[in-house]
Amino acid sequence: MSQPKSEFLREAQARGYIHQATDTDGLDTVLCEKAPVPAYIGFDCTADSLHVGSLVPIMLLRLLQQTGHKPVVLMGGGTTKIGDPSGKDGQRQLLGDDEIQANMAGIKAIFRQFLTFGDGPTDAVMVNNDDWLRDLNYISFLRDYGQHFSVNRMLTFDSVRLRLDREQPLTFLEFNYMILQAYDFLELSRRMDCRLQMGGSDQWGNIVNGVELTRRVDGRELFGLTTPLMTTASGQKMGKTHQGAIWLNEKNLSSYDYYQFWRNTEDADVGRFLRLFTGLPIEEIERLEALPGAEINEAKKVLAFEATKLCRGEDAAATAAETARRVFEEHTLGEDLPRIAVSRDRLAGGVPLYELLRETGLANTNGEARRLIKGGGARVNDAKIADESAQVSAADIGENGVIKLSAGKKRHALVEVG
RNA sequence: GGAGGGGUGCCCGAGUGGUUAAAGGGGGCGGACUGUAAAUCCGUUGGCUUAGCCUACGUUGGUUCGAAUCCAACCCCCUCCA
24 MSQPKSEFLR EAQARGYIHQ ATDTDGLDTV LCEKAPVPAY IGFDCTADSL
74 HVGSLVPIML LRLLQQTGHK PVVLMGGGTT KIGDPSGKDG QRQLLGDDEI
124 QANMAGIKAI FRQFLTFGDG PTDAVMVNND DWLRDLNYIS FLRDYGQHFS
174 VNRMLTFDSV RLRLDREQPL TFLEFNYMIL QAYDFLELSR RMDCRLQMGG
224 SDQWGNIVNG VELTRRVDGR ELFGLTTPLM TTASGQKMGK THQGAIWLNE
274 KNLSSYDYYQ FWRNTEDADV GRFLRLFTGL PIEEIERLEA LPGAEINEAK
324 KVLAFEATKL CRGEDAAATA AETARRVFEE HTLGEDLPRI AVSRDRLAGG
374 VPLYELLRET GLANTNGEAR RLIKGGGARV NDAKIADESA QVSAADIGEN
424 GVIKLSAGKK RHALVEVG
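So the first sequence is numbered by our numbering: it starts at 24 and just counts up by one.
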C-alpha cells in the first residue's frame, strides 16, 4: 500500500493497527473526501466487561474519533443470542435477554473512558443490533438476502471451515451468525451512512460478507479493515494472567493490577504496545523503545501509566504508579494495595496465616495458601514464613497500623484492624 | 432408524479390576537467576478443621473385599449407512 493520505490510515498504519483491509486506496479516498466518516466495530455481550483482548479495536475507534471521524459501537445484543462460531470449538452457551442487557450496561461504561459520546458530528454513538434483528421476518429475510449468500462460499470461511476440518460440530444456528453480521453492516450503512467496519482478524470473513452483501443489494461500496491478533513476543495470547483475564473495568480488576499488567510487559513488546495502547507521539515512542538494557523499565512505566490513564483516568493511573513505586522501589506500602479488615477480637486470638492469605485474595483456597507457605512464597511484614500453620496476631501489626502480607515478590495485600 | 467410535482433573491427553487424587504435556502459582523483562532450571498444582477426612474419571443403578477401569439403562458428541 502506498502512503495513505488520510490521517486515520496513516496513523493506524504507523501504529500497527492494520492487519488486512479490503480496498485501502478506496477507503483512503473516502476518508479524505468526506469529513466525518462513520465506522463501526461490533462487540459481543457475552460478559459484563471486556478485557485487553478487545483493546486494540477500542483503541482503533479512539484513533478514528481523534482523526475527525465518527465511531459507532455496535453492541451485539441480537447476535449474542446466537453466538459467533469464530475461533471456537464448541457451541457457546446461549444467554437470555436479561443477562445480555446487564452485560451491555457494563460494557458501555468502559467505552465512555475511551470515546466521547454525544450528538455532534464526530461524537461516538452506541447502537444495538437487537433493535433491527429482533423483528426480522424469516421468510422475507430469506427472500431478500438469502439469495445473495452462497453456501459454497460460506463453507470456505475460516470460522466455518476450521470447525468442519476439525470435525467439531457447527449448528445451523451458528452458521447463520455470519449472515446476520453481514446484515448488520448493510443496516448501518442504510441507517447512518456507515462506510467502514473494523474488527479483529478473526472477523475478516464476517466483515467481507457485509461488504459484499451491501454491494449486491444496495450497489454501495463499503470497506473493511482488521487488526492483527495480539500475542506477546514470546507467543502467549495477550491478557491472561494469574487471576484470570485482564479486565478493563475497575470492578473486575483494580487499577493497580491493571497498571502492573502493563508494567510487566516483555522487553520485546514495549515499543509495539506503546504504539497500540497509548496516544504518545511516535517520535517519543521511538526514543523510549530504544532505551538500552534495564533502562527499558522507564519505558514500561510510561506504558503502564499511559495505558492506565486511558482506561481508568489520570488519578487512578497516578495512584497506581505511586503504589508501585513505593512497593517495588522503596519496599514500603502503597494505598492501592488490596486490603481487608479484621476485627481486633479475632486478631487477638490469632488467625492462621493461610486464612488471611485467602481472605486477601492472595490465594484462592486455604490449600493454595498452605502450598504457598510451604513453597517459601509467603511473607508477613516482609519476613518469610515457612510454618504452614503459623498464626498472625495483633503483635504483627506494624507502626502504620496494618499487617503486610505477600505472596511471592510481586503480590501484596494489607490487613488492617477494624 | 442401523453400524462403529467416544465422553477423564483448568485445557490437551494416558490409563481397561487394587500401591490411581489418576502418567505426560500445556497453562497457573511459588523458588533460583535478573532489571517488577525474556529464556533457563527447580518445586508445586481437587477441597477441608491436612500424619486424617471428603469429593472426583458423562448420568443412574449393579457386580466385587475393592471399579475411571466389568455389567445394564439413560444422556450427549463424532463418523459411516438409511
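Yeah, the Cβ is synthetic: ideal placement off N, Cα and C, and Gly gets one too.
Treat the numbers as computed from the prediction; the structure is a model and nothing was measured.
Are residue i and residue j close, meaning C-beta to C-beta below 8 Å?
{"i": "GLN283", "j": "ALA339", "result": "no"}
{"i": "TYR279", "j": "ASP359", "result": "yes"}
{"i": "ILE202", "j": "PHE172", "result": "yes"}
{"i": "ASP51", "j": "SER29", "result": "yes"}
{"i": "VAL79", "j": "THR250", "result": "yes"}
{"i": "PHE208", "j": "VAL174", "result": "no"}
{"i": "GLY100", "j": "ASN152", "result": "yes"}
{"i": "ALA44", "j": "LEU178", "result": "no"}
{"i": "LEU428", "j": "LEU379", "result": "yes"}
{"i": "ALA401", "j": "ALA364", "result": "no"}
Give the DSSP-derived three-state secondary structure of residue i in the structure shown.
{"i": "THR249", "result": "strand"}
{"i": "ARG243", "result": "coil"}
{"i": "THR254", "result": "strand"}
{"i": "HIS265", "result": "Model confidence at HIS265 stands at a pLDDT of 48, short of 50, so the residue's coordinates are unreliable and nothing is read from them."}
{"i": "ASN151", "result": "strand"}
{"i": "LYS324", "result": "helix"}
{"i": "TYR63", "result": "strand"}
{"i": "SER212", "result": "helix"}
{"i": "PHE140", "result": "strand"}
{"i": "GLY357", "result": "coil"}
{"i": "SER163", "result": "helix"}
{"i": "ARG464", "result": "Lying outside 24 to 441, the shown extent of the chain, residue 464 is not represented and no answer is given."}
{"i": "GLU122", "result": "helix"}
{"i": "ILE420", "result": "coil"}
{"i": "PRO80", "result": "helix"}
{"i": "ASP112", "result": "With a pLDDT of 47 at ASP112, under the threshold of 50, the modelled position of this residue cannot be trusted, and the question is left open."}
{"i": "LYS407", "result": "strand"}
Among the options, which residue has its Cα nearest to the Cα of residue i?
{"i": "ILE64", "options": "GLY399, LEU211 and ASP71", "result": "LEU211"}
{"i": "LEU356", "options": "ALA364, GLU345, TYR281 and ARG218", "result": "GLU345"}
{"i": "PHE137", "options": "SER77, ASP290 and GLY101", "result": "SER77"}
{"i": "SER224", "options": "PHE180, LEU311 and GLU273", "result": "PHE180"}
{"i": "ALA409", "options": "GLY424, LEU376, GLU422 and ASN389", "result": "LEU376"}
{"i": "LEU437", "options": "ASP146, ILE396 and VAL350", "result": "VAL350"}
{"i": "MET221", "options": "GLU56, ARG434, LEU428 and VAL95", "result": "VAL95"}
{"i": "TYR200", "options": "GLN226, ARG394 and ASN175", "result": "GLN226"}
{"i": "ARG238", "options": "GLU391, ARG218, LYS332 and LEU326", "result": "ARG218"}
{"i": "GLU244", "options": "ARG402, ALA268 and ASP216", "result": "ASP216"}
{"i": "ILE97", "options": "ASP120, PRO61, VAL75 and ASP167", "result": "The displayed chain sequence assigns Leu, not Ile, to residue 97. Looking at the Cα atoms, PRO61 is the closest of the given residues."}
{"i": "ASP154", "options": "ALA147, PRO144 and ARG214", "result": "ARG214"}
{"i": "THR12", "options": "LYS274, ALA35 and VAL75", "result": "Here the chain comprises residues numbered 24 to 441, so residue 12 is not present and cannot be evaluated."}
{"i": "ARG286", "options": "ALA317, VAL325 and ALA268", "result": "VAL325"}
{"i": "ILE133", "options": "LEU428, ASN272 and ALA256", "result": "ASN272"}
{"i": "ARG434", "options": "ILE426, PRO361, GLU411 and ARG367", "result": "PRO361"}
{"i": "TYR40", "options": "LYS274, MET82 and ALA125", "result": "MET82"}
What's the C-alpha gap between residue i and residue j?
{"i": "PRO27", "j": "HIS42", "result": "15 Å"}
{"i": "PHE66", "j": "ARG85", "result": "15 Å"}
{"i": "ALA70", "j": "ALA418", "result": "44 Å"}
{"i": "THR288", "j": "SER72", "result": "22 Å"}
{"i": "LEU165", "j": "TRP270", "result": "39 Å"}
{"i": "GLY441", "j": "CYS68", "result": "39 Å"}
{"i": "PRO315", "j": "ALA322", "result": "10 Å"}
{"i": "GLY242", "j": "PRO304", "result": "40 Å"}
{"i": "HIS265", "j": "GLU353", "result": "Residue placement at HIS265 is poorly supported in this model, since its pLDDT is 48, which falls under 50; the coordinates are not used for a value here."}
{"i": "ALA341", "j": "SER277", "result": "13 Å"}
{"i": "GLY169", "j": "PHE140", "result": "35 Å"}
{"i": "ALA37", "j": "GLU309", "result": "12 Å"}
{"i": "ALA58", "j": "PRO144", "result": "9 Å"}
{"i": "LYS131", "j": "THR103", "result": "16 Å"}
{"i": "TYR206", "j": "ASN229", "result": "10 Å"}
{"i": "LYS397", "j": "ARG176", "result": "58 Å"}
{"i": "ASP112", "j": "VAL150", "result": "Any answer about ASP112 is weak, because its pLDDT of 47 lies below 50 and its placement is not dependable; what the coordinates show is given next. Each residue's alpha carbon lies about 29 Å from the other."}
{"i": "ALA371", "j": "GLY129", "result": "41 Å"}
{"i": "ALA268", "j": "CYS334", "result": "15 Å"}
{"i": "GLU318", "j": "LEU196", "result": "53 Å"}
{"i": "GLU56", "j": "ARG33", "result": "15 Å"}
Would you call the region 289-300 and the region 376-392 touching, i.e. three or more CB-CB distances under 8 Å?
no
Is the region 289-296 close to the region 88-95, with three or more CB pairs under 8 Å?
no
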